[in-house]
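Notes follow once the structure below has been shown.
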């Protein structure tokens, strides 16, 4: 029989063993991730590719988000400013008028008295300028010369519209104002060349749309003529008024024109009739001519009669006021240089300047001294707002 002390020791061991067995039978907590087999971590495996993409995707999304912010944020800032019409600086090279200004300019109409038909034709301003440029300057001229002509024609028209007090019409279609021809007349004149000529002239007019010539912010009187004798004329030497922008300037290109010189012959009887005077048989020996610095005649004195150069030109219908006279038997031969009154822009000179590479701004600023190129909205707001 075992002693009580030994039995107590055995029972103690059995109790301890049963506790250890109970502990070992409880499920173990997995505290560490199981390492994958070495084969699936190799570079190029499906596992590697999947995890490589999982690292790249967030970087791609981050880069795309930054790019969108860079592009979109400035637009979001600028658009509200423009929409609300807050102060923004226009681009330096912005020269096209806005839609409302262009619409106002198109609304300007010109009532043209068609002299032969004795009817009034209402034409939009820019279409009228096309008809004037086509009638006043050869379509074969350089495009920059046609632009200069468009500026002069538009300025003349605007100046006349602002001062006109006629009720039935604004302007005539003759040299009294400016020669004008409509499409049908130009088709008859040009024939098969109509489309090309019209396209060229319309391009010149469109390039100067809404532009006029001004002096001290006012539209000028933009006189123009065919060709000079080498110089243009001061306004007061042909007209009564002295205009600061219509000064005599060199125009040497005109001297190269093959039609520079012209001759007109009159009998003694014709001369007496046109000048309303009586002259002796040897009147040519008693003719005295005085000239301006431009070479044009200021005074023409025949025996006891004195005329201005313009009076002789008008009465004898000479091409210019630069003339000389020679008597041959019973005939008087007047030799002229140039064509036109000589004030303002020489059309032939403008074409020659364009051929040398000058643009329309350089051309008009040569023939019209001290002027600026302005818009209708700036120089004639009352006309635009009608």
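Numbering (this note's numbering), first residue to last: -13 to 372.
Quick reminder that beta carbons are idealized off the backbone N, C-alpha and C, glycines included.
For residue i, which residues from the same chain have a beta carbon less than 6 Å from its beta carbon, with the 5 sequence-adjacent residues on both sides left out?
i, result
"residue 358", "200"
"residue 122", "165"
"residue 77", "Annotation note: pLDDT 33 at residue 77 (below 50); position unreliable, coordinate value reported separately. Excluding residues within five positions, none has a Cβ falling inside 6 Å."
"residue 213", "240, 243, 324, 325, 332 and 334"
"residue 173", "180"
"residue 346", "130, 133 and 134"
Quick check: the Cα distance between residue i and residue j, rounded to an integer number of angstroms?
i, j, result
"residue 116", "residue 309", "34 Å"
"residue 362", "residue 128", "25 Å"
"residue 153", "residue 206", "24 Å"
"residue 315", "residue 285", "24 Å"
"residue 368", "residue 341", "37 Å"
"residue 270", "residue 226", "29 Å"
"residue 336", "residue 258", "38 Å"
"residue 281", "residue 194", "34 Å"
"residue 229", "residue 328", "14 Å"
"residue 352", "residue 190", "19 Å"
"residue 149", "residue 143", "10 Å"
"residue 299", "residue 306", "6 Å"
"residue 291", "residue 302", "15 Å"
"residue 138", "residue 187", "14 Å"
"residue 198", "residue 265", "49 Å"
"residue 267", "residue 276", "22 Å"
"residue 151", "residue 110", "19 Å"
"residue 304", "residue 293", "14 Å"
"residue 365", "residue 203", "6 Å"
"residue 260", "residue 140", "36 Å"
"residue 119", "residue 319", "34 Å"
"residue 112", "residue 159", "15 Å"
"residue 178", "residue 171", "13 Å"
"residue 192", "residue 222", "34 Å"
"residue 262", "residue 162", "25 Å"
"residue 313", "residue 339", "38 Å"
"residue 136", "residue 114", "10 Å"
"residue 356", "residue 348", "12 Å"
"residue 256", "residue 102", "29 Å"
"residue 370", "residue 147", "11 Å"
"residue 236", "residue 93", "39 Å"
"residue 104", "residue 157", "13 Å"
Start and end of the alpha helix (DSSP H) containing residue i?
i, result
"residue 352", "346 to 353"
"residue 121", "111 to 122"
"residue 334", "333 to 341"
"residue 368", "367 to 370"
Over what stretch of residues does the beta strand (DSSP E) that includes residue i continue unbroken?
i, result
"residue 318", "317 to 323"
"residue 361", "358 to 361"
"residue 252", "247 to 253"
"residue 221", "Taken as a continuous stretch (DSSP letters only), residue 221 belongs to no beta strand (DSSP E), as it is neither H nor E."
"residue 96", "95 to 100"
With a threshold of 7 Å on Cβ separation, who are the neighbours of residue i within its own chain once the five nearest residues in sequence on each side are excluded?
i, result
"residue 402", "With the chain represented from -13 up to 372, any question about residue 402 goes unanswered, as that position is not in the structure."
"residue 145", "205 and 207"
"residue 234", "217, 218, 219, 220, 279 and 280"
"residue 238", "216"
"residue 24", "Unreliable positioning characterises residue 24 in this predicted model, as indicated by a pLDDT of 47, which lies under 50. The coordinate reading is nonetheless provided below. Correct list: empty, nothing qualifies."
"residue 321", "247, 249, 309 and 310"
Which whole-angstrom value is the C-beta distance of residue i and residue j, which I expect to be below 8 Å?
i, j, result
"residue 168", "residue 176", "With 8 Å as the limit, residue 168 and residue 176 do not qualify as a contact, their Cβ atoms being about 13 Å apart."
"residue 244", "residue 354", "About 27 Å; that fails the 8 Å criterion."
"residue 296", "residue 224", "6 Å"
"residue 343", "residue 210", "Actually they do not touch by this definition, with Cβ atoms about 21 Å apart."
"residue 400", "residue 125", "No information on residue 400 is available, as it lies outside the stretch -13 to 372 that the chain covers here."
"residue 288", "residue 273", "5 Å"
Output needed for residue i: all residues of its chain with C-beta closer than 8 Å, excluding positions within five of it in sequence on either side, in chain order.
i, result
"residue 106", "97, 98, 99, 100, 154 and 155"
"residue 317", "251, 252, 253 and 254"
"residue 185", "none"
Is there a Cβ of chain B sitting closer than 8 Å to that of residue i, yes or no?
i, result
"residue 120", "The question asks about chain B, but that chain is absent: this structure has only one protein chain."
- Query: Which runs of the beta strand (DSSP E), 3 residues or longer, sit entirely within the region 141 to 213?
  - Reply: Taking only runs of at least 3 residues, the beta strand (DSSP E) segments lying wholly in the region 141 to 213 are 197 to 201.
- Query: Unbroken alpha helix (DSSP H) runs of length 4 or more, entirely within the region 258 to 325: which are they?
  - Reply: 295 to 302
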